[in-house]
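Residue numbers (this note's numbering): 11 to 348.
The C-beta atom is built at its ideal place from N, Cα and C for all residues, glycine as well.
Everything numeric in this text was worked out from a predicted model, so none of it was measured.
In what follows, a structure is listed as structure tokens, so that the remarks can point back to it.
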């Protein structure tokens, strides 16, 4: 266990998963949730979990782990707590997300995105300390965004650095939790289980000779996030049209950067009875997709944010040699023990 914490490695972490993250079985044979307990000779335990993203998002996974851990400790629950998690009134749910005919949408492009990539890729961890994030916020302020959030500045900064490493413009997508953004009745509780998220798309068309500023990308992200409001969600009846428009945009992009934030959803608080985790991470096959992936997580120490980045091998080398990136990011530091 100490060796893993001293120098975290995605390939080693992937060996601790209960199954492959790339399903090859027929869809009707997919497992919904698979969990595994890895027990080390030193007494350390790693709980790993894979879930079917068609059914659950990261918030749902955190909810599942929290209740599972509580039950493991012997906690009892009133049966009414299930009403907070699962909405049995399907008419109520369909009023929020009305059924649409998606038969005219070609899903092949989505399936192709998550197919085995032949190029050598790396999934690596970096850490941004709280001081570095504060400095980035100061650097990213603008008239449009005088108070950028941590997610906005980290996403904008990392996107810029990946962009420079790839030597080509790219499109950023960012997952958005819809639970807090539904402002009409019936509202959704944060513990509602499902795949309740949407994806914003940010596309920056820079002139070839123009140096891209982080503040510009942060402003673009703020605008894109702000579009996902109650009115937008209530207008989701035209979802197929939106998907077609985005598919066209994504197909034209030389590179796609997929961002998601797992911050502030409770992973670090899960306690199975032997204390809170000393570390929380993500893992998976580095060659599972050709797209770039960035995952933000709260640092267990409370000091900053951990980021896992999936890039082509050459792009990763350039990123790790970028002086501006290294000014704020620490490359895979040792996990501090409590």
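(request) Using three-state DSSP, classify residue 120 as helix, strand or coil. (result) Note that residue 120 scores 49 on pLDDT, short of 50, meaning its location in the model is unreliable; the coordinates nonetheless yield the value given after this. Residue 120: helix per DSSP, three-state reduction.
(request) Give the range of the beta strand (DSSP E) segment to which residue 131 is assigned. (result) Run containing residue 131: 131 to 138, per the beta strand (DSSP E) assignment.
(message) Let me make sure I understand the geometry here. Which of 202, 337, 273 and 172 has the alpha-carbon closest to that of residue 312?
(response) Answer by Cα proximity: 273.
(request) Please classify residue 13: does DSSP put it in a helix, a strand, or coil? (result) The answer is helix: DSSP assigns residue 13 an H, G or I state.
(message) Please return the same chain residues whose Cβ sits closer than 8 Å to the Cβ of residue 317, not counting the five positions on each side in sequence.
(response) The beta carbon of residue 317 lies closer than 8 Å to those of 135, 136, 137, 138, 164, 168, 304, 305, 306, 307 and 339 in the same chain, with the five residues before and after it left out.
(message) For residue 291, tell me which candidate among 345, 266 and 221 has the shortest Cα-Cα distance.
(response) Nearest option by C-alpha distance: 345.
(message) Pop quiz: residue 151 and residue 225 are said to be a contact at Cβ under 8 Å. What is the actual Cβ separation, rounded to whole angstroms?
(response) Right, the Cβ-Cβ distance comes to about 7 Å (below 8 Å), so this counts as a contact.
(message) If distances are taken between C-alpha atoms only, which option among 323, 174, 188 and 232 comes closest to residue 159?
(response) It is 232.
(request) Could you tell me whether the segment 202 to 209 touches the segment 56 to 73, where touching means 3 or more Cβ pairs closer than 8 Å? (result) With a cut-off of 8 Å, the segment 56 to 73 and the segment 202 to 209 count as touching, because enough Cβ pairs lie within range.
(message) Once the 5 residues before and after residue 279 are set aside, which same chain residues still bring their CB inside 8 Å of it?
(response) So the list reads 76 and 286, once near-sequence residues are dropped.
(message) Per the DSSP calculation, residue 318 is bridged to which residue(s)?
(response) Paired residue(s): 135 and 305.
(request) Output the distance between the C-alpha atoms of residue 49 and residue 148, rounded to the nearest integer angstrom. (result) Near 44 Å, if we compare the C-alpha coordinates of residue 148 and residue 49.
(request) Give me whichever residues DSSP pairs with residue 207 in a beta bridge. (result) As a beta-bridge residue in DSSP terms, residue 207 pairs with 187.
(request) Please state whether DSSP places residue 411 in a helix, a strand or coil. (result) Nothing about residue 411 can be reported from this structure: the residues present for the chain run from 11 to 348 only.
(request) Buried or exposed for residue 309, please, with buried defined as at least 16 other CB atoms from any protein chain shown within 10 angstroms of its CB. (result) By the Cβ-count criterion, residue 309 is buried, with 16 or more other Cβ atoms from all chains shown falling within 10 Å of its own Cβ.
(request) For residue 340, name the three-state secondary structure that DSSP assigns. (result) DSSP places residue 340 in strand when its eight states are reduced to three.
(request) Please report how far the alpha carbon of residue 180 lies from the alpha carbon of residue 301, in whole angstroms. (result) C-alpha separation (whole angstroms): 10 Å.
(request) For my contact list, residue 59 and residue 45 are in at a C-beta cut-off of 8 Å; report their separation, rounded to the angstrom. (result) Going by Cβ atoms, the distance from residue 59 to residue 45 rounds to 5 Å, so yes, they are a contact pair.
(message) Out of 161, 11, 298 and 153, which one is the CA nearest neighbour of residue 315?
(response) Of the candidates 161, 11, 298 and 153, the residue whose Cα lies closest to the Cα of residue 315 is 161.
(request) Would you identify the three-state DSSP class for residue 48, choosing helix, strand or coil? (result) If DSSP states are grouped into helix, strand and coil, residue 48 belongs with the strands.
(message) Once DSSP output is grouped into helix, strand and coil, what is the label at residue 310?
(response) Coil at residue 310, not helix or strand.
(message) Which residues does DSSP list as the beta-bridge partners of residue 60?
(response) Partner(s): 44.
(message) Can you tell me which residues form a DSSP beta bridge with residue 212?
(response) Residue 212 is bridged to 182.
(message) Quick check on DSSP: helix, strand or coil for residue 345?
(response) Looking at residue 345 - three-state DSSP - the assignment turns out to be coil, as it is neither helix nor strand.
(request) Determine the burial state of residue 229: buried for a count of at least 16 other Cβ atoms within 10 Å of its Cβ, exposed for fewer. (result) Looking at its Cβ environment, which holds 16 or more other Cβ atoms inside 10 Å, residue 229 is buried.
(request) State the start and end residues of the unbroken beta strand (DSSP E) segment that holds residue 328. (result) Residue 328 -> not in any beta strand (DSSP E); alpha helix (DSSP H) instead, spanning 323 to 330.
(request) Check the DSSP bridge columns for residue 271 and list the partner residues they point to. (result) Bridge partners of residue 271: 306.
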